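Just so we're aligned: 685 in our numbering is position 94 of the sequence shown, and the numbers increase by one with no gaps anywhere. Here is the structure we will look at.
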Amino acid sequence: SIPAQLAGRDLLGIAQTGSGKTAAFALPILSQIIALGSKRKPKTARALVLVPTRELAVQVEEVFRLLSKGAHISTALVLGGVSRHSQVKRLQPGVDILIATPGRLTDLVRERDVTLADTKWLVLDEADRMLDMGFINDVKRLAKATAPDRRTALFSATMPEEIAELAKGPTTVVVGYDDP
592 SIPAQLAGRD
602 LLGIAQTGSG
612 KTAAFALPIL
622 SQIIALGSKR
632 KPKTARALVL
642 VPTRELAVQV
652 EEVFRLLSKG
662 AHISTALVLG
672 GVSRHSQVKR
682 LQPGVDILIA
692 TPGRLTDLVR
702 ERDVTLADTK
712 WLVLDEADRM
722 LDMGFINDVK
732 RLAKATAPDR
742 RTALFSATMP
752 EEIAELAKGP
762 TTVVVGYDDP
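Shown next as structure tokens:
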């Protein structure tokens, strides 16, 4: 999946939990963001990773921090159940990587605390679980709010029709966890 993403292709990945999919989407995004330099726009995110749960959001951020150690990459978590004010404050200067649950991010976008218009990378991690949890409409709205020329990567353990529809495109590459 990494070469396809570095080549600017969209990706639909079917991968079991624990198969390394976070690194598979984090490394290409980090590589490209590092090449851009550190100039960020206020209230924006260069890359957005949507996840279904707070626990997964924390895990994904830890992987991004580990892989970008020493590279001056800024990350932010946006999720329910914690202080909204601290999240808004963290987003003020703009961030490189935003890891979010759909519900809280939808609220922040609606209230103009963050804009996704400049977001060039969108990852839907555990897309099947987001569907099961009823987030599909929020996910569609958030995806539509990102840059029209964004790169999209969807990772899922299974591939329901609604998720496959989100990924359709002429340059989408489909990879399975057992592919070389």
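Ideal Cβ placement from N, Cα and C applies to all residues, glycine included. None of these values were measured; they are calculated from a predicted model.
For residue i, which of the options has the nearest alpha-carbon?
i, options, result
"Leu-597", "Ala-617, Ala-691, Leu-696, Val-679", "Ala-617"
"Val-640", "Asp-698, Thr-737, Gly-725, Thr-608", "Thr-737"
"Thr-706", "Ala-606, Glu-653, Pro-633", "Pro-633"
"Ile-688", "Val-654, Ile-727, Asp-719", "Val-654"
"Arg-741", "Gln-650, Gly-599, Ala-595", "Gly-599"
"Ala-648", "Arg-703, Asp-719, Leu-715", "Leu-715"
"His-777", "Lys-731, Gly-628, Thr-644", "Past the boundaries of the shown model lies residue 777; the chain is included only from 592 to 771, so the question cannot be answered."
"Arg-650", "Thr-613, Leu-602, Arg-720, Pro-693", "Here the sequence assigns Gln to residue 650, which means Arg is not the residue at that position. It is Thr-613."
"Thr-697", "Ser-622, Leu-602, Lys-735, Gln-623", "Lys-735"
"Ala-606", "Glu-646, Asp-719, Lys-630", "Asp-719"
For residue i and residue j, what's the separation of their Cα atoms in angstroms?
i, j, result
"Leu-670", "Ala-615", "23 Å"
"Thr-608", "Ala-748", "7 Å"
"Arg-656", "Gly-685", "17 Å"
"Gly-611", "Thr-666", "20 Å"
"Thr-710", "Arg-637", "5 Å"
"Ala-691", "Ser-674", "14 Å"
"Leu-699", "Val-679", "8 Å"
"Phe-541", "Val-642", "An answer regarding residue 541 cannot be provided, because it is not within the stretch 592 to 771 covered by the chain."
"Glu-717", "Glu-752", "14 Å"
"Arg-681", "Ile-625", "20 Å"
"Gly-672", "Glu-652", "17 Å"
"Leu-745", "Leu-713", "8 Å"
"Gly-604", "Ala-708", "25 Å"
"Thr-644", "Pro-739", "26 Å"
"Arg-703", "Pro-594", "35 Å"
Per DSSP, what kind of secondary structure is residue i in: helix, strand or coil?
i, result
"Ile-664", "coil"
"Phe-746", "strand"
"Asp-719", "helix"
"Thr-549", "Outside the shown range of the chain (592 to 771) lies residue 549, about which nothing can therefore be said."
"Leu-670", "coil"
"Val-649", "helix"
"Asp-698", "helix"
"Arg-637", "strand"
"Asp-687", "strand"
"Thr-613", "helix"
"Ala-736", "helix"
"Ala-708", "coil"
"Val-642", "coil"
Under a Cβ-count criterion, where at least 16 other Cβ atoms within 10 Å of its own Cβ denotes burial, should residue i be classed as buried or exposed?
i, result
"Gln-683", "exposed"
"Leu-733", "buried"
"Ser-592", "buried"
"Ser-659", "buried"
"Arg-695", "buried"
"Asp-729", "buried"
"Pro-619", "buried"
Using 9 Å as the limit for Cβ to Cβ distance, is residue i near chain D?
i, result
"Ile-664", "Included in the structure is just one protein chain, with no chain D present."
For residue i, is the beta carbon positioned less than 8 Å from some heavy atom of the ligand HEM?
i, result
"Thr-635", "The ligand HEM is not part of this structure, which contains no ligands at all."
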